[in-house]
Each structure stands twice: as structure tokens, then as C-alpha cells.
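*Asks:*
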Amino acid sequence: MKKWIIPAICAVCALILLILNVGIGPKGPYVSCGDTYNKFLFIPAKSANFTIRFKSPFSGNLILIDEKGNPLQSSKYFISVDGKPTGASFRGNGTRAVNVSIRCSTDLRAGRKYIRVQGGGPLITHIFFTHHMNPLLYWLSWLLSALAIVSLVWFIGVRRYIYPQFPTITKQFIIPGQAPLVVKMGGARMVVISDKPHKDTFWDTLVKGPVLYKTHPAFHTSISLLPRKKGILVKTDFAKYKVSVNPIPRIGACEIIEITNNLKITVQ
């Protein structure tokens, strides 16, 4: 290994660290003083902190201005100096250092905020901090976005593939000596016919699709009808029912026989 490789790697690492901590602002290099974000739920706000140092004890006024040369607005920035709330303008009284804490209001967008210290000769005058979205809000936004995308994919494509729905189909069940049962299947993923009323759960309907429940006294054992490419698939207890054609053709007729009572039900 050549002798210059390790020093070169160290130099590159140092350069990367320098780039991360020094930003090129509107009029020259700015030194980073940290990150900020606003309070959200149980995650408190975070302020950026920096120290204004002087070569000798300083007494006089200092002003924090933005990249346009305007004092920082109190409606957009919350500033405290040596632990006491203040505005963009404050005074140093024979001190060698002033500790400043700053954070943004909810009106400001995320991104870098460039600040200059205007006044009697501080050692560092160009400072920037990066305003972020609250970490909890950030991850919650990503989670909700991912949930929205998954839901969109599920409801538009995947659900109809796994749980297909009936097109516009109407079938009539003719039962001897009883009123006929008319079933409009369009939009349902399944039709259930029985002699007792049933109701699907909200979440099952939302996730899988609607189930149409029909009630008729002739069906002591329930019959389920499912959409298929070749017709309407009948699922039931085949020890109690006999289906002449299964799947039932979408256009055409078939016969369902209740074996116990030899009851012939015509589907057309």
C-alpha cells in the first residue's frame, strides 16, 4: 500500500465533515449551529443553540438578521439570550460571550435558515441552522402515505382480483307453492341465501367487498353464490342440495333440489 493513501483518505473524511458543518449561504460560508423542529404531540420542540464570542469584553447592541438584511421577525422566530426570551435585537453588557437559543414558528417551511450577527465585532457572524419536520410527524406522514398507497393498490386492483365481484346479473329462484326470490347480484362479492337474516361486519365489507344476504323460508340450509368466469359457483352442503349445473350459467337455467323434501327450485 502506498504511503499517501491513508493521508488522502483522512483528508477526504475531513473535507466531508467540513462540508456537513459549513454551508455556502447567500454571501459566503455559514457555520452550522444545529437543527430545529416544532412540538408535535408528546415530542417537544428542539432549538438550535450557538454562542456569540468576542475578542474582548463587549458592551453594545446586537441584531440577528436574515439573508436579506432584515431583523428576524418575532412572529417567525423564538429567540432567547442567556436563557431569557428576547427579540432579534439584544444587548451585551461587558461580556465575552452570549449564548443564543433559536427555533422557528409553525409558519416557516423546513430548510436551512441563514442568520448574520450584526454588531460590534463577534468572532463568528454567519450562522445557519436546519429546520426539520418533527420526527414523529415525519414518520407518521410516511406511515400514512404508505397506508394510503397500499389502500389505493388494494381497492383499485388487488381486491377485485382476490375477491371478484358480480357484474350486473339478476337471477330468479322459483320455488313451488312459495313466492319467488329475485336476486340482483351486481357489485356483490358473494350472495348468501338462507332462512335467517345475516349481516356482514363493517371491516369485512370494507376490506373484502360487500356480501349480499337474501332471506327465504325455503332455504333451511344456506347457499352461497360466488362469481366465476364460467358462471355462478354454488357452495353449500351437497348432502342436502343437488345442483344440476354448477357453476350456474349466467345466461340460462338450472335446477337445485333440496334432497330432504325433494323440493325442486328452478334458477333462471
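So in numbering that gives the first Met the number 0, spot 191 of the sequence shown is number 190, and the numbers just go up one at a time. For glycine and all other residues, C-beta sits at the position ideal for the given N, C-alpha and C.
1. Between the C-alpha atoms of Thr167 and Met132, what's the straight-line distance to the nearest angstrom?
2. Assuming Ala187 and Leu211 make a contact with CB atoms under 8 Å, what is their CB distance in whole Å?
3. By DSSP, does Gly22 sit in helix, in strand, or in coil?
4. Considering Cα atoms alone, identify which of Phe49, Pro226 and Leu262 is closest to Ser100.
5. Using the beta-carbon count (16 or more within 10 Å), is Arg108 buried or exposed?
6. Taking the C-alpha atoms as reference points, what is the distance between Lys241 and Ile155?
7. Mind checking whether Pro226 and Phe165 have CB atoms under 8 Å apart?
8. Is it buried or exposed for Leu63, if we count other Cβ within 10 angstroms and need 16 for buried?
9. For Gly185, which option in Ile174, Pro175, Gly208 and Asp203 has the closest C-alpha, if you only look at C-alpha atoms?
10. Give the range of the alpha helix (DSSP H) segment to which Arg158 is assigned.
11. Please report the distance separating the alpha-carbon of Asp194 from that of Pro216.
12. When the Cα atoms are used, what is the spatial distance from Leu16 to Ser31?
13. Candidates Ser74, Phe237, Tyr160 and Gly59: which alpha carbon is nearest Ala96's?
14. Compute the beta-carbon to beta-carbon distance between Ser221 and Ile258, rounded to the nearest angstrom, for a pair I have assumed lies under 8 Å.
15. From Lys213 to Leu180, what distance separates their C-alpha atoms?
16. Note the first and the last residue of the continuous alpha helix (DSSP H) segment covering Tyr137.
17. Once DSSP output is grouped into helix, strand and coil, what is the label at Thr214?
18. By Cβ distance, which residues of its chain are closer than 6 Å to Pro175, with the 5 residues on each side in sequence left out?
19. So, is Ile255 buried or exposed, given that buried needs 16 or more other C-beta atoms within 10 angstroms?
20. Just to confirm, is the Cβ distance from Arg111 to Lys45 under 8 Å?
21. Can you tell me where the alpha helix (DSSP H) holding Lys183 begins and where it ends?
22. Look up Phe41 in the DSSP assignment and say whether it is helix, strand or coil.
23. In its own chain, which residues sit with a C-beta less than 7 Å from the C-beta of Gly118, not counting the 5 before and 5 after it?
*Replies:* Quick answer:
1. Looking at the two C-alpha atoms, the distance is approximately 49 Å.
2. The C-beta distance from Ala187 to Leu211 rounds to 4 Å, short enough to fall under 8 Å.
3. A caution first: Gly22 carries a pLDDT of 48, below 50, which makes its placement in the model unreliable, though a value can still be read off. The answer is strand: DSSP assigns Gly22 an E or B state.
4. Considering only alpha carbons, the answer is Phe49.
5. Using a 10 angstroms sphere on the CB of Arg108, the tally of other CB atoms stays under 16, which defines it as exposed.
6. Lys241 and Ile155: Cα-Cα distance of roughly 37 Å.
7. Going by C-beta atoms, Pro226 is nearer than 8 Å to Phe165.
8. By the neighbour-count rule (16 or more Cβ atoms within 10 Å), Leu63 is buried.
9. Between Gly185 and the set Ile174, Pro175, Gly208 and Asp203, the nearest pair of CA atoms involves Gly208.
10. Counting along the chain, the alpha helix (DSSP H) containing Arg158 begins and ends at Arg158 to Ile161.
11. Each residue's Cα considered, the two are about 5 Å apart.
12. Bear in mind that a pLDDT of 48 at Leu16, under 50, signals an unreliable position, so the number given afterwards is only what the model happens to contain. Taking C-alpha positions only, Leu16 is separated from Ser31 by approximately 11 Å.
13. Here the closest residue by C-alpha is Gly59.
14. No, Ser221 and Ile258 are not in contact; Cβ-Cβ is about 15 Å, not under 8 Å.
15. If I take the Cα positions, the gap works out to 8 Å.
16. Taken as a continuous stretch (DSSP letters only), the alpha helix (DSSP H) holding Tyr137 covers Pro134 to Val152.
17. Looking at Thr214 - three-state DSSP - the assignment turns out to be strand.
18. Closer than 6 Å at the Cβ level, and outside the excluded window around Pro175, lies no residue.
19. By the neighbour-count criterion, in which 16 or more other beta carbons inside 10 Å mark a residue as buried, Ile255 falls on the buried side.
20. Not closer than 8 Å, so no.
21. Lys183 -> not in any alpha helix (DSSP H); beta strand (DSSP E) instead, spanning Leu180 to Lys183.
22. Looking at Phe41 - three-state DSSP - the assignment turns out to be coil, as it is neither helix nor strand.
23. Only residues of its own chain outside the window of five on either side were considered, and among them Gly59, Asn60, Leu61 and Ile62 have a CB closer than 7 Å to the CB of Gly118, listed in chain order.
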